[in-house]
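J.: Right, I'll just put the structure down here and ask away after.
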Amino acid sequence: MVSRSDCLKRYGSDYYIRKKLAAGELFRVDKGIYSEKENVPELALIAYKYPNAVVTMETAFYLYDLTDEIPDEYSVATKREAAPIPDLRVKQYFVPKEILRLGETVFDYKGYLIPIYDRERMLVELVRYKPKLPYNYYKEILRNYRRILPQLDAEKIRDYAESMPKSRKIIEILREEVY
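The opening position of the sequence shown corresponds to residue 31 in my numbering, with each subsequent residue numbered one higher.
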């Protein structure tokens, strides 16, 4: 994907951009955003539009196959001071900037690299947001985490938990419910 300004640099003018669009060599995927591919996944578009956001919560759990419940919105984390994202397709979580990039990795989603928290960070997020999640949803994800526990890095989980606000409570829940 490329922005309009990048297209102007590449093709020289709006006239040539329109010619590429008419020839089917370039496609408009959103206002001011173009792609050489006709169909761009919505999640890839969201990641491109909001480069300072990290995929989290419901979307991340679904992408990691920890739930089969398809989210209604794309969940992203941004720093607490960030402006609200006006996109109705996006559910925004405001996170202290000190922990925003903690555990960030990339996920190959249909050929597009999406910034997302790793599975260890998502386990900590699951525990952090436990009171706000439906009970059955929480239990389903927790059950799936127990199944993949040998594949996870316990040291990372501990480090992430210790970096979070209310870390003692998070560590206590991890001990009681996960390990």
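C-beta: ideal position from N, C-alpha, C; glycine also.
Rounded to whole angstroms, what's the CA-CA distance from Lys199 to Met31? Just pull it up for me.
T.: The residue labelled residue 199 in the question sits at position 169 within the sequence shown. The residue labelled residue 31 in the question sits at position 1 within the sequence shown. Distance between the alpha carbons of Lys199 and Met31 is about 42 Å.
J.: So what's Pro180 in DSSP terms, helix, strand or just coil?
T.: To locate residue 180, count along the sequence shown from 1; it is residue 150. DSSP places Pro180 in helix when its eight states are reduced to three.
J.: With a 10 Å radius around its C-beta and 16 neighbouring C-beta atoms as the bar for buried, classify Ile100 as buried or exposed.
T.: Within the sequence shown, the letter at position 70 stands for residue 100. Ile100 should be labelled exposed.
J.: What residue range does the beta strand (DSSP E) around Ala107 cover?
T.: On the sequence shown, residue 107 is found 77 positions in, with the first residue counted as 1. That run of the beta strand (DSSP E) goes Tyr104 to Lys109.
J.: Using a Cβ-Cβ distance cut-off of 8 Å, determine whether Lys196 contacts chain D.
T.: Absent from the structure is chain D; it holds one protein chain and no more.
J.: Compute the minimum distance between the beta carbon of Tyr104 and the heavy atoms of the ligand COA, and state whether it is under 7 Å.
T.: In the structure shown, the ligand COA is absent, as is every other ligand, since no ligand is present at all.
J.: How big is the Cα-Cα spacing for Glu128 and Glu111?
T.: Counting from 1 along the sequence shown, the entry for residue 128 is found at position 98. Counting from 1 along the sequence shown, the entry for residue 111 is found at position 81. Whole-angstrom Cα-Cα distance: 12 Å.
J.: If you follow the beta strand (DSSP E) that Tyr46 is part of, which residue opens it and which one closes it?
T.: To locate residue 46, count along the sequence shown from 1; it is residue 16. Segment Asp44 to Ala53 is the alpha helix (DSSP H) holding Tyr46; no beta strand (DSSP E) there.
J.: Can you tell me the Cβ-Cβ gap for Glu134 and Val59, rounded? I've got them flagged as a contact below 8 Å.
T.: Within the sequence shown, the letter at position 104 stands for residue 134. Within the sequence shown, the letter at position 29 stands for residue 59. That belief does not hold up - the Cβ atoms of Glu134 and Val59 are roughly 24 Å apart, past 8 Å.
J.: Does the region 100-109 come into contact with the region 175-188, if we say contact requires no fewer than three beta-carbon pairs (one atom in each stretch) closer than 8 Å?
T.: no
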